[in-house]
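Take a look at the structure set out below.
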Amino acid sequence: MYDKIIDKNNPDSALSVQEAIGKKPSDVNTQYIARLKKRREISVDEYVNGILNSDRVMLSQAITLVESSLAAHQQKAQQIIERCLPYAGKSIRVGITGVPGVGKSTTIEALGVKLTRSGHKLAVLAIDPTSEKTKGSILGDKTRMEELATDPNAFIRPSPSAGSLGGVARKTREIIILCEAAGFDTVFVETVGVGQSEVVAHSMVDFFLLLQLANAGDELQGIKRGIMEMADAISINKAELDPNRAELAATQYRSALSLFPQNENGWKPVVFTSSAYTGSGIDKMWDTIMEYVAQTKANGHFYKKRNEQNLRILSESINSTLTERFYNSEFVESRLEKLKQEVLDDKISAYIAAQKLIEGYFDNLTK
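Heads up, the sequence shown is in this note's numbering, so the first residue is 3 and it goes up one at a time.
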C-alpha cells in the first residue's frame with residue numbers, strides 16, 4: 003500500500019523507508035543487542051578518573067552501578083567507591099526533612115541557588131521510603147527545581163531504587179562518597195518526613211534541618227518528639243502566608259525545645275521563620291548551618307559524629323550481609339517454610355524454631 007504513495011527512488015520525497023522496517027522485529031532486536039555487546043566496557047580506572055575530574059556523565063553512570071542489583075555491577079561499584087573514598091568526606095552534609103507540602107523542594111531550590119551563585123558545588127540526593135511502593139520519587143519532578151536542575155554547579159539525583167529503606171540508605175551513603183570525590187562541597191539529603199526516613203537521613207548528615215508549617219494553633223500537635231530532638235534547626239516555612247502566625251509558631255517551638263536536655267555537642271537548636279517564595283530566612287538558614295559546623299569542629303564533635311556514623315555503617319553492613327547470606331542459603335530455603343508452618347500450628351515456639359534454623363545453618367557451613 004505504501005509503495006503507491008512513497009517513491010523510494012525519489013531523493014526529494016518527504017518520506018523515506020528504512021530497510022529495518024522490512025525485517026522481522028526479532029531480527030532487528032537481535033542486531034541491536036549485538037551492537038550493545040560490542041560496546042566497550044568502561045573500566046574502573048576510567049570511572050574513577052572521570053569522577054575525580056568532575057565528569058558528570060561518569061558520575062551518573064557510576065551511581066547507576068551503585069543502584070544496580072546485578073552482582074557484576076555491585077562488584078565494580080564497590081571498587082569505584084573504594085578508590086574514591088580517600089577523596090571524599092570534605093563536604094558539608096545537610097539533611098532536610100518535613101511533611102509533604104511544607105515546601106522542601108522550593109526551599110532547596112532557593113538555598114541551593116544561593117550557594118551555587120556564591121561558588122559552591124551542590125549535590126541534592128533523596129531518601130524516599132515511599133518509592134519502594136509507588137516506584138516514584140520525591141525528587142522525580144525536577145520541574146519544582148527548574149533553576150537548580152539546569153545549574154552547572156548543581157547535581158540532582160532522585161532516590162535510588164532498593165528493596166528496603168535500609169537498601170536505599172546504604173546506596174545513598176555510597177552516592178555521597180562519589181559526589182564528594184567529584185568535587186561537590188555541599189550535599190543535601192532530602193527525606194519525605196514519614197516513617198523512619200528521618201532517622202536514616204540523620205545517620206548520614208552533619209546538620210539536620212526540620213521544616214514546619216504554622217498551622218492554626220496546632221503547631222506542636224502531631225510532630226514526633228524524636229524528630230524535634232534530632233533537629234539542629236527548625237524553620238517555620240511559608241511565613242509569607244501569615245507572618246504573625248509563623249512567629250507565634252516559632253516561639254512555641256523555642257519553648258518546647260528549651261525543655262529538652264542539652265545536646266552533647268553543645269549546640270542549641272535554632273528556630274526561625276522562612277519563605278522560599280520571598281527569600282526571607284534563606285540567608286539565616288545557611289548562616290545557622292555554618293555556625294553549627296564552626297562550633298562543632300572547634301569542640302571536636304563534628305568529627306566524632308562522623309566517626310560514630312562510620313562505625314554504625316560498619317555494624318549495619320555486617321548485619322545486612324549476614325542476613326542476606328542466611329536467607330539466600332539452600333539450607334535455610336529448604337527448611338524455613340516447614341518451620342513457619344510448625345510455628346503456626348503451635349508445634350514449636352518461634353524462638354526455638356529460630357534457634358534451630360540458625361544453629362543448623364552454622365553447622366552446615368562447617369561441613
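Idealized CB from N, CA, C, for every residue including glycine. Fair warning: this is a prediction, and the values are worked out from it, not measured in the lab.
Measuring alpha carbon to alpha carbon, tell me which residue in Gln214, Phe262, Lys270 is nearest Ala252.
Residue 252 sits at position 250 when you count from the first residue of the sequence shown. Looking at the Cα atoms, Gln214 is the closest of the given residues.
Between Gln311, Ser107, Met287, which lies nearest to Met206 when the distance is taken from Cα to Cα?
Taking the sequence shown and counting its residues from 1, the one referred to as residue 206 is at position 204. Measuring from the Cα of Met206, the nearest candidate turns out to be Gln311.
Please state whether DSSP places Arg42 in a helix, a strand or coil.
Taking the first residue of the sequence shown as 1, we reach residue 42 at position 40. Coil, per DSSP.
Between the C-alpha atoms of Leu72 and Tyr363, what's the straight-line distance to the nearest angstrom?
Numbered from 1 along the sequence shown, position 70 holds the residue referred to as residue 72. Numbered from 1 along the sequence shown, position 361 holds the residue referred to as residue 363. Cα-Cα distance, rounded: 25 Å.
Phe210 and Met232 - do their beta-carbons sit closer together than 8 Å?
Locating residue 232 in the sequence shown gives position 230, counting from the first residue. Locating residue 210 in the sequence shown gives position 208, counting from the first residue. Yes, the pair counts as a contact, with Cβ atoms nearer than the cut-off.
How should Ile354 be labelled, buried or exposed, when 16 other C-beta atoms within 10 angstroms of its C-beta is the threshold for buried?
Taking the sequence shown and counting its residues from 1, the one referred to as residue 354 is at position 352. Exposed: under 16 other Cβ atoms inside 10 Å.
Rounded to the nearest angstrom, what separates Lys137 and Pro160 at their Cα positions?
The residue given as residue 137 occupies position 135 in the sequence shown. The residue given as residue 160 occupies position 158 in the sequence shown. Below a pLDDT of 50, predicted positions are generally treated as unreliable, and Lys137, at 46, falls in that range; the measurement from the model is reported next regardless. Cα-Cα distance, rounded: 11 Å.
For a quick check, are the C-beta atoms of Ile82 and Val50 less than 8 Å apart?
Numbered from 1 along the sequence shown, position 80 holds the residue referred to as residue 82. Numbered from 1 along the sequence shown, position 48 holds the residue referred to as residue 50. Contact check for Ile82 against Val50 passes: the beta carbons are separated by less than 8 Å.
Let me check understanding here. Comparing Cα to Cα, which of Asn321, Ile238, Leu367, Leu250 lies closest to Val2?
A query on residue 2 cannot be resolved here, the shown segment of the chain reaching from 3 to 369 and no further.
Out of Ser62, Asp234, Lys173, Tyr279, which one is the CA nearest neighbour of Gly268?
Translated into the one-based positions of the sequence shown, residue 268 becomes position 266. Checked all of Ser62, Asp234, Lys173, Tyr279; the closest Cα to Gly268 is Asp234.
For Ile94, name the three-state secondary structure that DSSP assigns.
Stepping through the sequence shown from its first residue, residue 94 is reached at position 92. DSSP places Ile94 in strand when its eight states are reduced to three.
Tell me which residue opens and which closes the alpha helix (DSSP H) that Glu310 is part of.
Counting from one through the sequence shown, the residue named residue 310 turns up at place 308. For Glu310, the enclosing alpha helix (DSSP H) has its first and last residue at 303-330.
Look at the alpha carbon of Ile236 and the alpha carbon of Met292, and state the distance between them as a whole number of angstroms.
Walking along the sequence shown from the start, residue 236 turns up at place 234. Walking along the sequence shown from the start, residue 292 turns up at place 290. Ile236 and Met292 have their alpha carbons spaced roughly 15 Å apart.
Could you tell me the distance, in whole angstroms, from the CA atom of Val334 to the CA atom of Val170?
Looking up residue 334 in the sequence shown gives position 332. Looking up residue 170 in the sequence shown gives position 168. Approximately 26 Å between the Cα atoms of the pair.
Measuring straight from C-alpha to C-alpha, what distance separates Glu242 and Thr275?
Indexing the sequence shown from 1 puts residue 242 at position 240. Indexing the sequence shown from 1 puts residue 275 at position 273. Rounded to whole angstroms, the separation of the alpha carbons of Thr275 and Glu242 is 9 Å.
Using CA coordinates, which residue listed in Pro263, Ala151, Gln76 is at the minimum distance from Ile110?
On the sequence shown, residue 110 is found 108 positions in, with the first residue counted as 1. Here the closest residue by C-alpha is Ala151.
Check Glu266 in the structure and name its three-state DSSP category.
Your numbering for residue 266 matches position 264 in the sequence shown. The three-state secondary structure of Glu266, taken from DSSP, is coil.
Which residues in the same chain have their Cβ closer than 8 Å to the Cβ of Arg85, if we skip the five residues on either side of it in sequence?
The residue labelled residue 85 in the question sits at position 83 within the sequence shown. So the qualifying residues of the chain are Val46, Val50.
Out of Asp187, Ala258, Ile44, which one is the CA nearest neighbour of His75?
Along the sequence shown, one-based indexing puts residue 75 at 73. Among Asp187, Ala258, Ile44, the Cα nearest to that of His75 is on Ile44.
According to DSSP, is Ser260 helix, strand or coil?
Within the sequence shown, residue 260 is the residue found at index 258, counting from 1. Coil, per DSSP.
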